[in-house]
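J.: Residue numbers (the numbering used here): 452 to 633. All C-beta atoms, glycine included, are put in the ideal place defined by N, C-alpha and C. Below is one structure. I have some questions about it.
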């Protein structure tokens, strides 16, 4: 802590000297998720992962199946699958942003290199659009200069919902690709 003292002649030793705190780039926010939402998401994620793990064991695993291993960790983050409160800071948002960008790149490569049906291509494009929206939301949270607790609650709730939506879109594409769509 550094104390600010003016060099002005009008100041006396009895003047109030306030500590100067620099805004920390490591600000943290404690996010408390809705346990019902977490339970449903974890169930959906685990069902998908079990199906994926069976697909990856097959000798005929495709590029789409193989590349899913790089996409899954984005949807298995602690704050998404845990019902407990989680502290999140700028570093966490940076990691999320990095993963989102990497997964956009992975999906772009799949879109170019794989031979998808028209409907499958559409679903990949929707997944890319969801990732773009997710990226923008993370950037908005990171660059917000002042946020009330209420605003942060809303932003992190929206972030969770966007992740769940993005997972749902990718899972839907993957299941259709493997002929599992009901």
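If you draw a straight line from the C-alpha of residue 582 to the C-alpha of residue 546, how long is it?
T.: Cα to Cα, the separation comes out at about 14 Å.
J.: For residue 598 and residue 629, I'd like the C-alpha separation in whole angstroms.
T.: Those two C-alpha atoms are separated by around 44 Å.
J.: In this structure, does DSSP put residue 628 in helix, strand or coil?
T.: Correct three-state label for residue 628: helix.
J.: On the DSSP bridge assignment, give the partners of residue 560 in chain order.
T.: In the DSSP output, where bridge partners are listed per residue, residue 560 has none listed.
J.: Taking residue 518 and residue 568 to be in contact with their CB atoms under 8 Å, please state how far apart those CB atoms are, rounded to whole angstroms.
T.: Actually they are not in contact, since the Cβ atoms of residue 518 and residue 568 sit about 18 Å apart, beyond 8 Å.
J.: Would residue 514 and residue 561 be called neighbours here (beta carbons separated by less than 8 Å)?
T.: Yes, the pair counts as a contact, with Cβ atoms nearer than the cut-off.
J.: Which two residues bound the contiguous alpha helix (DSSP H) that contains residue 533?
T.: First-last for residue 533: undefined, no H or E at that position.
J.: Just tell me which of 617, 484, 525 has its CA closest to the CA of residue 574.
T.: Residue 617 is the option with its Cα nearest to residue 574.
J.: The beta strand (DSSP E) with residue 480 in it runs from where to where?
T.: Segment 479-482, the beta strand (DSSP E) holding residue 480.
J.: Considering only residues of the same chain and omitting the five flanking positions on each side of residue 492, which have a CB-CB separation below 6 Å?
T.: Around residue 492: 615.
J.: What whole-angstrom Cβ distance do residue 570 and residue 627 have, given they're in contact under 8 Å?
T.: About 7 Å separates the two Cβ atoms, so the contact holds.
J.: List the DSSP bridge partners of residue 539.
T.: Paired residue(s): 480.
J.: Since residue 588 contacts residue 609 with CB under 8 Å, what's their CB separation in whole angstroms?
T.: Contact holds; Cβ gap of about 6 Å.
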